[in-house]
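Notes for the one structure printed next.
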């Protein structure tokens, strides 16, 4: 074979390979676009229906934050107020990799999930499901032993469980039942969240970041089993001590995230605590991690720092009437 023919053949081979490569790339681009158009998003279920907080707007804003990220499709199941209807309420938890719990019966202990629904949630998490306990939801269901174990720590009386405090040297101080106070909080304030353990949820976060108009729960109590504290904050308006702000719990094969972040009271509309970039980023990352055990959502450039809070504009969210 002459050198000229050989070069020509190599050029044809290179052109053919390039054509095949372009076809493969076009196919991948088409597949990704089709996947996005088909709504290949993580399904999430928010459970709400009763609380001493504004549970309706809490659900609405949380749903909006998640769906604005483009990663989730959120559905809502509202526990019926009618006691007879409530008895038959039983969501298909297994259809969702993440359940966000937004019910709280602290002011009316007679408001409970049906026992069948309680057992269904227990089994769902134990079999590998993800549970997000949203702010006041850790005040709920003091009658439910498995719920206490799933949430690790919650709003409980001084005799109801162990309280965990973070010492000035970042040691964990254990307060047994009866020692110290029941769970509570001082006035809301701009708290500096300090990372305690690095975790996929807070990967890339600064060691300290400021959130706004938040509550720091003192003496959070519970079984505190299989728990990993992610962050803590100094309670400047109450006890003048450090208390856990976020933690995760292993329950069977499942994972639970629990936090005091996310307060939304009656009469507030998209308040600063929910406009906080740090809070919104955490909501998205928590939900992704519970669903996939991994994180792809990046830390935004305007994430808050220790001395500089960062808020989304008020007009970003429009409350539905």
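In the working numbering, the protein residues as written are 2 to 322.
Just so it is clear, CB atoms sit at the ideal spot from N, CA and C, and this is done for glycine as well.
- Taking the C-beta atoms as reference points, residue 280 is found no nearer than 8 Å to residue 238.
- In its chain, beyond the 5 residues on either side, 127, 128, 129 have a beta carbon closer than 7 Å to the beta carbon of residue 254.
- Contact between residue 292 and residue 43 holds, with the beta-carbon distance rounding to 5 Å and staying under 8 Å.
- By a beta-carbon distance limit of 8 Å, residue 173 does not contact residue 243. Their separation comes to about 10 Å.
- Spanning the alpha carbons of residue 308 and residue 79 requires a straight line of approximately 39 Å.
- Here the region 52-59 makes contact with the region 132-146; the two share three or more CB pairs at distances below 8 Å.
- In this structure, residue 145 keeps its C-beta atom at 8 Å or more from the C-beta atom of residue 118.
- Annotation: residue 157 is outside any beta strand (DSSP E) and is labelled neither H nor E by DSSP.
- For the pair residue 108 and residue 226, the Cα-to-Cα distance works out to about 26 Å.
- The continuous stretches of alpha helix (DSSP H) do not include residue 173, which lies in the beta strand (DSSP E) extending over residues 173-176.
- Straight across, the Cα-Cα distance linking residue 194 with residue 287 is about 16 Å.
- In summary, residue 116 is exposed, with fewer than 16 beta-carbon neighbours lying within 10 Å of its beta-carbon over all protein chains present.
- For residue 153, the closest C-alpha among the options 319, 249, 66, 277 is that of 249.
- Assignment of residue 235 by DSSP, reduced to helix, strand and coil, places it in the strand class.
- Annotation for residue 70: 285 place their beta carbon closer than 6 Å to its own, counting only its chain and skipping 5 residues before and after.
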